[in-house]
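Chains as they are written, first to last, in this note's numbering: chain Y, -7 to 337; chain H, 200 to 429.
Backbone N, C-alpha and C fix where the C-beta goes; we use that ideal spot for every residue, glycine too.
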Ligand SMILES: Nc1ncnc2c1ncn2[C@@H]1O[C@H](COP(=O)(O)OP(=O)(O)O)[C@@H](O)[C@H]1O
Ligand SMILES: [Mg+2]
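The structure is reproduced here in C-alpha cells:
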C-alpha cells in the first residue's frame, strides 16, 4: 500500500539575485512500513524534499499525498494535526537544553494537549523503549551524542506517528554509535511498523537499514530502486561514487594500493566486480581461470550485509595477455555482473 | 564653595541618617517597580520585534517598521532630556511631576526600548533547529514562544535584565536632579547644594552596593538557569 507519494514536485526558492531550484520534478512512491533511503551530497535538496512532507515548506508545483490527503489542501490547523503523525529526528538532535530528558520526550504530547500525568507516563515508556529509562531527570547536556539521538527518537515517537523522518540523524555520530542508532531504527520499524524515510549522505546508513533507495543530485532524483539493484547495478555517476565508496572502505588506502600494483605491473588490467548474495564471487572467479588463459590475483574483497541479503565487492587483477583480458571483461559484462574496469592498458 | 578639604568626606555626625534611609527606600522602590514593568514591556516588545522580522506579510512588515522606529527613537534620547520632554505626559498619567512616582514613566519609557532590543537579539540566538523541530511536532506560534523561545533564552534574558536594572539605578539618580527623590536627589540637594560631601559619599557607597548586589544576584540566577554545560 502506498503511504507517501510525491507527484512531480518542485521547489524553487526566490532569492534576491536568482531563483534557486532546490527540488525539481520529483516523483517518488513510498510504501507503508518501508524504510526508504534518500541519499545525496550536501545541497542536493534532501531536506527541502522532506520538509515539504510535513508542510514546513510548500511545494512550488506538484502534489504530495500522504495516505489520501493532499498536503497542500490542508488548512493551517489541519496541517498541525497532520504534523503530529510524522515524527522527525535531526543531525544535531534539536533537543531543548532547558528541559529534562523526560520533559523533552513529553513535549510533543504537551503540545497536543495531553494531561501531565499521561504524557509523563508515555514519555517514561518511550525512554525505556530506547534504553534510557534511568536518564529521564538528566538534562540533554549530560548525555552523549548517541544518547541524545535516542532521546530524539523517543520524542519523535511520542504521538504514535505513522511516518518517521530521519534527516542525517547519524551524521554527527561516530561509526559505532551510528550502527547502534541504525539498529534501533530497524528495530522500531519492525516492532511498530512505522514507515521510515532515511535521509543521508552516507551509503553505509542506507545499506544497513533501507530496502529501497533514491539518489538525489541537484534537486533531482537521478536513480531509484531496490537497494540490491542500486548496489549491484548502479547506473548514474553519483550512484557509482556512493556505492564504490561504501564497497571499498578507505578510498585513499585503496588508491595507493592500486597505484603500487599498476606501477609494478602495468600490463595487466584491474577490474572491480560487485555482486549480490545470490551470485557468489568464487565460482565466477574460478570459471574465468578455467575458461581463459588468465590468472587472477585478488587485490581486495569484502562482503557487506544489507537487510535483503549480502553484497560482495571484489577487486581483481587479470594476469595474462591483452586479448584474453579483453575477453574476460566481455564475458563478465555478459554475466550481468556489475563490472568496472579500474585500469586497462 | 568653601568647606572642600578632603576631611569634608568624613563628617559623619553631619549626616541625617533618617534622610539617607528614606532616600534609599525611594531609590529601591523606583528601581524595583520600574524594572518589573520594563521586564514585562521589554519582553512583549522584544517578542514583537522578533516575530515580525522577515516573516513576510504586509502587517508583520508594517508592525516591525513602526515598533523598530519607536524603539530607536526612545533609545537615542538622553535620559535627562527625556524626563523633561515627558513632563506633560507624566503629569497627565501620575498627576504630579515630583517624587518617585513621577520618575516612573520616564524610567520605563527609556529603559524598555533598550531591553527590548537586547531581548530581540537574545531570541535570535535560540537554535533555529530546535524551533523547526518543535514546529514539526505541530506547535503553533504561542507554543513556540512559551515552550522554546522564552525558556531557551532565559539565561540571556536574565543577564541583559541585570544590565538594564543597573542602568535603571543610574537613571533614578539622574532623575533626582529634577526632584524624583531618592539617593540622587539627596546627593544633589544635601551634598552639592548644601556642600555636605559626606552625604554625597554615603549616597555613592549605597548606590555602589546596590549595583554590586544586583550584578552578583543576576549572575547567580542566570547561571542557575543555564543547563547547557552540566
Ligand atoms: N529556506 C531556504 N531559502 C533559500 N534556499 C534554501 C532554503 N532551504 C534550502 N535552500 C537551498 O536549497 C538547496 C537544497 O538544500 P537542502 O534541501 O538543505 O539540501 P540537503 O538537505 O540535501 O543538503 C541548497 O542549495 C540550499 O542552499
Ligand atoms: Mg539537509
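Please determine if the region 201 to 209 of chain Y and the region 26 to 36 of chain Y are in contact, where contact requires at least 3 C-beta pairs separated by less than 8 Å.
Contact between the region 201 to 209 of chain Y and the region 26 to 36 of chain Y is present, because at least three Cβ pairs lie under 8 Å.
Between residue 40(Y) and ligand 1, is the CB less than 7 Å from at least one heavy atom?
For residue 40(Y), the CB falls within less than 7 Å of some heavy atom of ligand 1.
Rounded to a whole number of angstroms, what is the C-alpha to C-alpha distance between residue 200(H) and residue 394(H)?
With a pLDDT of 47 at residue 200(H), under the threshold of 50, the modelled position of this residue cannot be trusted, and the question is left open.
At 7 Å on the CB atoms, spell out the chain H contacts of residue 103(Y), in chain order.
The answer, in chain order, is 336, 337, 338, 342.
Alpha carbon of residue 259(H) to alpha carbon of residue 152(Y), nearest angstrom:
When rounded, the distance between both Cα atoms is 35 Å.
Is there at least one non-hydrogen atom of ligand 1 closer than 7 Å to the beta-carbon of residue 315(H)?
Outside the cutoff, so no.
For residue 327(Y), name the three-state secondary structure that DSSP assigns.
Residue state for residue 327(Y) is assigned as coil, using DSSP reduced to three classes.
By the DSSP assignment, the alpha helix (DSSP H) with residue -2(Y) in it spans what residues?
Not the alpha helix (DSSP H): residue -2(Y) falls in the beta strand (DSSP E), residues -6 to 6.
7 Å Cβ shell around residue 424(H) - same chain, five flanking residues per side excluded
Around residue 424(H): 353, 354, 357.
Say the cut is 7 Å; is the CB of residue 382(H) nearer than that to a heavy atom of ligand 1?
The answer is no for residue 382(H).
In its own chain, which residues sit with a C-beta less than 7 Å from the C-beta of residue 237(Y), not counting the 5 before and 5 after it?
Within the same chain, Cβ atoms closer than 7 Å to the Cβ of residue 237(Y) are found at 195, 243, the five residues on either side in sequence being excluded.
Judging by CA-CA distance, which residue of 128(Y), -5(Y), 167(Y) is the nearest neighbour of residue 138(Y)?
Cα-wise, what sits closest to residue 138(Y) is 167(Y).
Please list, in chain order, all residues of the same chain as residue 159(H) whose beta carbon is under 8 Å from its beta carbon, the five residues on each side excluded.
The question about residue 159(H) has no answer here: the residues shown for chain H are numbered 200 through 429.
Looking at the unbroken beta strand (DSSP E) that takes in residue 64(Y), where does it start and where does it end?
In this chain, residue 64(Y) is not harboured by any beta strand (DSSP E), its DSSP state being neither H nor E.
Rank 212(Y), 162(Y), 81(Y) by C-alpha distance to the C-alpha of residue 331(H) and give the top, closest one.
Nearest of 212(Y), 162(Y), 81(Y) to residue 331(H), Cα basis: 81(Y).
Please list, in chain order, the chain H residues whose beta carbon lies closer than 7 Å to that of residue 82(Y).
Chain order gives the chain H residues near residue 82(Y) as 328, 332, where near means a beta carbon separation below 7 Å.
Please identify the residue among 374(H), 342(H), 265(H) whose C-alpha is closest to the C-alpha of residue 251(H).
Checked all of 374(H), 342(H), 265(H); the closest Cα to residue 251(H) is 265(H).
Could you give the DSSP three-state label for residue 209(Y): helix, strand or coil?
Here residue 209(Y) sits in strand by DSSP.
Helix, strand or coil for residue 292(Y) per DSSP?
Residue 292(Y): strand per DSSP, three-state reduction.
Name the one or two DSSP bridge partners that residue 215(Y) has.
Answer is 207(Y).
Return the CA-CA distance between residue 101(Y) and residue 217(Y), expressed in angstroms with no decimal places.
If I take the Cα positions, the gap works out to 36 Å.
In this structure, what does DSSP give as the bridge partners for residue 263(Y)?
Residue pairing for residue 263(Y): DSSP places it in a beta bridge opposite 308(Y), 333(Y).
Would you kindly work out how many angstroms separate the C-alpha atoms of residue 105(Y) and residue 298(Y), rounded to a whole number?
Spanning the two alpha carbons is a distance of roughly 41 Å.
Against chain H: residues of the region 84 to 117 of chain Y by CB proximity under 8 Å
Shown in chain order are the members of the region 84 to 117 of chain Y whose Cβ falls below 8 Å from a Cβ of chain H: 84, 86, 87, 88, 89, 90, 91, 99, 100, 102, 103, 104.
Element boundaries [beta strand (DSSP E), containing residue 82(Y)]
For residue 82(Y), the enclosing beta strand (DSSP E) has its first and last residue at 78 to 82.
In chain C, which residues lie less than 9 Å from residue 176(Y) when you measure between Cβ atoms?
Among the protein chains in the structure shown, which are Y and H, there is no chain C.
For residue 162(Y), the three-state DSSP class (helix, strand or coil):
DSSP places residue 162(Y) in coil when its eight states are reduced to three.
Please determine whether the Cβ atom of residue 159(Y) lies at a distance below 7 Å from any heavy atom of ligand 2.
At a threshold of 7 Å, residue 159(Y) counts as near ligand 2, since its beta carbon sits closer than that to one of the ligand's heavy atoms.
Can you check whether the CB of residue 47(Y) is closer than 8 Å to the CB of residue 30(Y)?
No; because the gap between Cβ atoms is not below 8 Å, this pair is not in contact.
For residue 218(H) and residue 392(H), I'd like the C-alpha separation in whole angstroms.
If you take the alpha carbons of residue 218(H) and residue 392(H), they lie about 16 Å apart.
Whose Cβ in chain H lies nearer than 7 Å to the Cβ of residue 181(Y)?
Result: empty, since nearest Cβ-Cβ is about 20 Å, beyond 7 Å.
What distance in whole Å lies between the Cβ atoms of residue 331(Y) and residue 265(Y), which are believed to be in contact at a cut-off of 8 Å?
A Cβ-Cβ distance of about 6 Å is found for the pair residue 265(Y) and residue 331(Y), placing them in contact under the 8 Å criterion.
What do you get for residue 409(H), buried or exposed, if any count of 16 or more other CB atoms within 10 angstroms of its CB means buried?
Residue environment for residue 409(H): buried (at least 16 other C-beta atoms within 10 angstroms of its C-beta).
What first and last residue would you give for the beta strand (DSSP E) that runs through residue 187(Y)?
Per DSSP, the continuous beta strand (DSSP E) segment holding residue 187(Y) begins and ends at 187 to 192.
Spell out whether any CB of chain Y is found under 8 Å from the CB atom of residue 250(H).
Any Cβ of chain Y closer than 8 Å to the Cβ of residue 250(H) would place that residue at the interface, and such an atom is absent.
Quick check: the region 221 to 240 of chain H against the region 289 to 305 of chain Y, are there 3 or more CB pairs under 8 Å?
With the cut-off at 8 Å, the region 221 to 240 of chain H and the region 289 to 305 of chain Y do not touch.
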